[in-house]
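Engineer: If you're matching them up, the sequences are chains A and B in order.
By the working numbering, the letter at position 37 of the first sequence is numbered 135, and the numbering carries on one by one without gaps.
By the working numbering, the letter at position 194 of the second sequence is numbered 749, and the numbering carries on one by one without gaps.
Positions of the beta carbon are idealized from the N, C-alpha and C atoms, including for glycine.
One structure coming up, written as structure tokens, with questions to follow.
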Amino acid sequence: MAPLSDAELPLVLQPVRSVGRSVLDMLQTAGRVALFGVRGVRAMLAPPWFPGQLGRQLMSVGYFSLPVVGLTAVFTGAALALNIYTGGGRFNAEQIMPQIVALGITRELGPVLAALMLAGRVSAAMAAEIGAMRATEQIDALHTLSTDPYRYLIAPRLLATVIVMPLLVVVADIIGIAGGWVVATKTLDFNGAVYVKNTWDFLQNWDVESGLIKAAVFGFLVALMGCYHGYHSSGGARGVGRATTHAVVSAAILIFAADYLLTAAFTHR
Amino acid sequence: MSEPPKDAEAPKLEWRNIRKAFEGKVVLADLDLQVTPGRSLVIIGGSGQGKSVTIKIAAGLMSADAGQMLVDGQDLFALPPKARRGALAQMGMLFQGGALFDSLTVWENVAFRLINADKVARKEAKTRAVGALERVRLGASVADLYPSELSGGMQKRVALARAVVANPQVIFFDEPTTGLDPITSRAINTLITEQVKGLGCTAVTITHDLDSARSVADEIAMLNDGVIVWRGPAADIDRSGNPYVDQFVHGRADGPIKPAI
Chain A
99 MAPLSDAELP LVLQPVRSVG RSVLDMLQTA GRVALFGVRG VRAMLAPPWF PGQLGRQLMS
159 VGYFSLPVVG LTAVFTGAAL ALNIYTGGGR FNAEQIMPQI VALGITRELG PVLAALMLAG
219 RVSAAMAAEI GAMRATEQID ALHTLSTDPY RYLIAPRLLA TVIVMPLLVV VADIIGIAGG
279 WVVATKTLDF NGAVYVKNTW DFLQNWDVES GLIKAAVFGF LVALMGCYHG YHSSGGARGV
339 GRATTHAVVS AAILIFAADY LLTAAFTHR
Chain B
556 MSEPPKDAEA PKLEWRNIRK AFEGKVVLAD LDLQVTPGRS LVIIGGSGQG KSVTIKIAAG
616 LMSADAGQML VDGQDLFALP PKARRGALAQ MGMLFQGGAL FDSLTVWENV AFRLINADKV
676 ARKEAKTRAV GALERVRLGA SVADLYPSEL SGGMQKRVAL ARAVVANPQV IFFDEPTTGL
736 DPITSRAINT LITEQVKGLG CTAVTITHDL DSARSVADEI AMLNDGVIVW RGPAADIDRS
796 GNPYVDQFVH GRADGPIKPA I
């Protein structure tokens, strides 16, 4: 039996069809993203490689993201210190503040906030650049010049972001904890040396390592969303704008989803 | 519709019963077309008639819904990946907007394939790129500029140099004179003819610029509603006796072709 057209379908069932269509679209998109990711990873693992492109992306994603990640981390560390001090004060446990700040920054806020900053900065830039290349037939030109766009455009971006994100998170961890230290020592009368010692003694390797694993995964998602939406953009300038928005929004949502899944997996480790 | 010329030589390119539709709209309907080696075929037709799709399928940039795209007698869609890459590697293409990489200098654009695909040393690649630029009447002084620093006509020349630098056996030209003034258009047409004849390659051009078609074509084919409605020598375009061609040549609003507005 042929499916009923929208006009033939009873009014009451139309929302059901609409929901069904959305679910199918979502699954289709998930499948396409997964295939895109697999092709990107395969291109990353097998030659030919383009070290020049990788170097350019390392600079663009890593070095130029340092200021924004650093500023985010310092303010987050400072605000976190104040909040934990207030919360700890409710049951006379203010002195535990350095440890909780360190834990919060290394396990959670360092990787998540750095990734969100990169979603805004890097994912959007990748979607816009690759989308503009699609709109001006530069990606087709790559094909006609015997160069695989996955190897030349996608793989260097994925690899660079996966390499750079953990390094940025190391920086964010240090600066975030330093932000807490400044607030604690300048406004809350903590002793600076004791603060550092408490933090150092309390932190375990896994606290930092789990954050770095998260960072690598988030980095992959940030680059994947930027590349995917740019590569599949259509419709000229408007399409590039749409691709940029989708890249940032989907990267942010995936970062939060992956953060929960990884945290749950690490908790039961 | 005139028959394609009977030629003992096997076609370099052959579109065989190619069908292509986008969201239910048929763009190519059982397209049959051949080009013999060393010949220059120009495909004319109105906007939205499937000209771009025709060359994108031949250049491996798009797949067909049905039919075969034969290159040297081998179906491009059925070839294993390595052989397919080999078949496509003998092709070059000049895109409508040039499609130059804006982050690279002019010479890096021209030498892109030499450096990245053919693994030619950068120094030698630059020498060859500058040679190709000279062949399209651009001096070495533009080699280190970026595409955004060039005029539209110069960008087309750079794109032409990029398309021919690796000595392809087949070149596709996508609306090579669109957006250019008549004098620049003529210069581009002359350069295209020089390069195609100089390389002895097979050329397929799509255009709705009849001056360009007359200038670069050995043969002209007219595409309308996804099928070839006429094909013949370039010299016959003004006396084809075909209502589609006549309407197109004279730019009349009335006739079998419906304006695309």
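At what residues does the beta strand (DSSP E) containing residue 785 of chain B begin and finish?
Structural biologist: From DSSP, the beta strand (DSSP E) with residue 785 of chain B extends over 782 to 788.
Engineer: In the DSSP output, what is residue 779 of chain B paired with across the bridge?
Structural biologist: DSSP, once it has assigned bridges, lists B:782 as partnering residue 779 of chain B.
Engineer: Whole angstroms is fine: what's the gap from residue 790 of chain B's alpha carbon to residue 767 of chain B's?
Structural biologist: When rounded, the distance between both Cα atoms is 13 Å.
Engineer: Could you have a look at residue 598 of chain B and say whether DSSP puts it in helix, strand or coil?
Structural biologist: Three-state result, residue 598 of chain B: strand.
Engineer: Starting from the beta carbon of residue 728 of chain B, find every residue of chain A whose beta carbon is closer than 7 Å, and list them in chain order.
Structural biologist: Near residue 728 of chain B there are no residues of chain A at all, since even the closest Cβ is about 12 Å away, more than 7 Å.
Engineer: Excluding the 5 residues preceding and the 5 following residue 324 of chain A in the sequence, name in chain order all residues of the same chain whose CB lies nearer than 8 Å to its CB.
Structural biologist: Counting only Cβ-Cβ distances below 8 Å, and skipping sequence neighbours, we find 220, 221, 222, 223, 224, 225, 228, 255, 345 and 349.
Engineer: What in chain B is Cβ-close to residue 235 of chain A, meaning under 8 Å?
Structural biologist: Here the neighbours are 650, 651, 652 and 654.
Engineer: Pull up the distance between the alpha-carbon of residue 557 of chain B and that of residue 605 of chain B, whole angstroms please.
Structural biologist: Note that residue 557 of chain B scores a pLDDT of 43, beneath 50, so its modelled location is shaky and nothing firm can be said.
Engineer: Between the stretch 660 to 673 of chain B and chain A, which residues of the former have a C-beta closer than 8 Å to a C-beta of the latter?
Structural biologist: Going along the stretch 660 to 673 of chain B in chain order, one finds 667, 668, 671, 672 and 673 with a Cβ nearer than 8 Å to chain A.
Engineer: Apart from the five residues just before and just after residue 217 of chain A, which ones in its own chain have a Cβ nearer than 7 Å to its Cβ?
Structural biologist: Result list for residue 217 of chain A: 320, 346, 349, 350 and 353, in chain order.
Engineer: Measuring straight from C-alpha to C-alpha, what distance separates residue 311 of chain A and residue 148 of chain A?
Structural biologist: Each residue's Cα considered, the two are about 25 Å apart.
Engineer: For chain B, is any of its Cβ atoms less than 8 Å away from the one on residue 238 of chain A?
Structural biologist: So yes, residue 238 of chain A belongs to the interface.
Engineer: Would you mind listing the alpha helix (DSSP H) stretches within the stretch 279 to 329 of chain A that are 4+ residues and don't spill past its ends, in chain order?
Structural biologist: Within the stretch 279 to 329 of chain A, the complete alpha helix (DSSP H) runs of at least 4 residues are 290 to 300 and 303 to 329.
Engineer: Just to confirm the assignment, what range does the alpha helix (DSSP H) spanning residue 572 of chain B have?
Structural biologist: Counting along the chain, residue 572 of chain B falls outside any alpha helix (DSSP H), though it belongs to the beta strand (DSSP E) covering 568 to 577.
Engineer: Is there a Cβ from chain A that is less than 8 Å from the Cβ of residue 638 of chain B?
Structural biologist: Not closer than 8 Å to any Cβ of chain A, the Cβ of residue 638 of chain B fails to qualify, so no.
Engineer: Do you know whose CA, among A:167, A:261, A:341 and A:339, lies nearest residue 210 of chain A's CA?
Structural biologist: Nearest option by C-alpha distance: A:167.
Engineer: For chain A, check one thing: does any of its Cβ atoms lie closer than 8 Å to the Cβ of residue 624 of chain B?
Structural biologist: Answer no: the Cβ-Cβ gap between residue 624 of chain B and chain A never drops below 8 Å.
Engineer: Please classify residue 738 of chain B: is it buried, with 16 or more other beta-carbons within 10 angstroms of its beta-carbon, or exposed?
Structural biologist: Burial call: exposed.
Engineer: Which residues of chain B have a Cβ atom closer than 8 Å to the Cβ of residue 243 of chain A, listed in chain order?
Structural biologist: What residue 243 of chain A touches in chain B: 667, 668, 671, 672 and 717.
Engineer: Does the beta-carbon of residue 580 of chain B, which I'm using as the reference point, lie nearer than 7 Å to any heavy atom of the ligand ZN?
Structural biologist: Ligands are entirely absent from the displayed structure, and the ligand ZN is therefore not among its contents.
Engineer: Quick one: which residues of the stretch 243 to 257 of chain A get their C-beta closer than 8 Å to a C-beta of chain B? List them in chain order.
Structural biologist: Within the stretch 243 to 257 of chain A, the qualifying residues are 243, 244, 245 and 250.
Engineer: Out of A:131, A:109, A:101 and A:154, which one is the CA nearest neighbour of residue 257 of chain A?
Structural biologist: Nearest option by C-alpha distance: A:154.
Engineer: Assuming contact is defined by CB atoms lying nearer than 8 Å, are residue 591 of chain B and residue 761 of chain B in contact in what I supplied?
Structural biologist: Going by C-beta atoms, residue 591 of chain B is not nearer than 8 Å to residue 761 of chain B.
Engineer: Please state if the CB of residue 572 of chain B and the CB of residue 623 of chain B are separated by a distance shorter than 8 Å.
Structural biologist: Result yes, Cβ atoms of residue 623 of chain B and residue 572 of chain B sit closer than 8 Å.
Engineer: Run through the DSSP bridge pairs and tell me what residue 580 of chain B is partnered with.
Structural biologist: In the DSSP output, where bridge partners are listed per residue, residue 580 of chain B has B:577.
Engineer: Got a sec? Which residues, its chain only, sit under 6 Å from residue 327 of chain A by beta carbon, not counting five neighbours each side?
Structural biologist: Taken in chain order, the residues that qualify are 225, 341, 344 and 345.
Engineer: Counting beta carbon pairs with one atom in the stretch 290 to 308 of chain A and one in the stretch 332 to 340 of chain A, are three or more of them shorter than 8 Å?
Structural biologist: No, the stretch 332 to 340 of chain A does not touch the stretch 290 to 308 of chain A.
Engineer: Counting only beta-carbon atoms, is residue 705 of chain B nearer than 8 Å to chain A?
Structural biologist: No, its Cβ sits nowhere closer than 8 Å to a Cβ of chain A.
Engineer: Consult DSSP for residue 713 of chain B and reduce its assignment to one of helix, strand or coil.
Structural biologist: Looking at residue 713 of chain B - three-state DSSP - the assignment turns out to be helix.
Engineer: DSSP on residue 629 of chain B, reduced to helix/strand/coil?
Structural biologist: The answer is strand: DSSP assigns residue 629 of chain B an E or B state.
Engineer: From the DSSP output, in three-state form, read off residue 591 of chain B for me.
Structural biologist: The answer is coil: DSSP assigns residue 591 of chain B none of H, G, I, E or B.
Engineer: Within 10 Å of its beta-carbon, does residue 298 of chain A have 16 or more other beta-carbons around it, so buried, or fewer, so exposed?
Structural biologist: Answer is exposed; the Cβ neighbour count stays below 16.
Engineer: Can you name the residues of chain A whose CB is closer than 9 Å to the CB of residue 647 of chain B?
Structural biologist: Result: 242 and 243.
Engineer: Output yes if chain A places a C-beta closer than 8 Å to the C-beta of residue 605 of chain B; else output no.
Structural biologist: No, because no Cβ of chain A sits closer than 8 Å to the Cβ of residue 605 of chain B.
Engineer: Tell me, please, whether the CB atom of residue 616 of chain B is closer than 8 Å to any CB atom in chain A?
Structural biologist: Closer than 8 Å: yes.
Engineer: Use the C-beta contact count for residue 247 of chain A: other C-beta atoms within 10 angstroms, 16 or more gives buried, fewer gives exposed.
Structural biologist: That one is buried.
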